[in-house]
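*Asks:*
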Amino acid sequence: MWPTRACLRAMAYLLMVSPNIARLVLTSKESKLAQVGDGWEAGLSLPGMLSHLKFVRIEEVEGCDAELKLLSFLLKNAKNLEEVVLEYRSNIDSPEGARQFQDKLRLVPTASSNIQMVFKT
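Everything in the sequence shown is counted per UniProt numbering, starting at 1 for the first residue and increasing by one.
1) Would you grab the beta carbon distance between L81 and I115 for me? Rounded to a whole angstrom, and I think it's under 8 angstroms.
2) Which one of C64, Y88 and L74 has the shortest CA to CA distance from V108?
3) Could you have a look at R23 and say whether DSSP puts it in helix, strand or coil?
4) According to DSSP, what are the bridge partners of E87?
5) Please state whether DSSP places C7 in a helix, a strand or coil.
6) I'd like to check one pair, L71 with L24: are the Cβ atoms closer than 8 angstroms?
7) Measuring only the C-alpha atoms, how far is S28 from E62?
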């Protein structure tokens, strides 16, 4: 996944037209792009669209805006999500940045009441 606005919209669309996905594994590509901005998910959230999604793993996480937006979208829409595993890039810029990313992610409201988040450095 390239953390760009177009990529996020494409992923959300693929999830919308593939409602039976139960496991999602992505590898994030390195990005030093500007902020993705708001509204990229407009029109892409339908009731029950992620009802089968139970597991998400993203590899090579760097804690960028696009990753936070994608994870927020998944957390807010996947009502049966059980586990989210984030594997940080080995050369992540700062442990403090990773901690801040985790703190922001924990503040996101979730559709599922039973989510375990695992952070691997």
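Glycine included, C-beta positions come from ideal geometry on N, C-alpha and C.
*Replies:* Considering the structure as presented:
1) 5 angstroms
2) L74
3) strand
4) E59 and K120
5) helix
6) no
7) 8 angstroms
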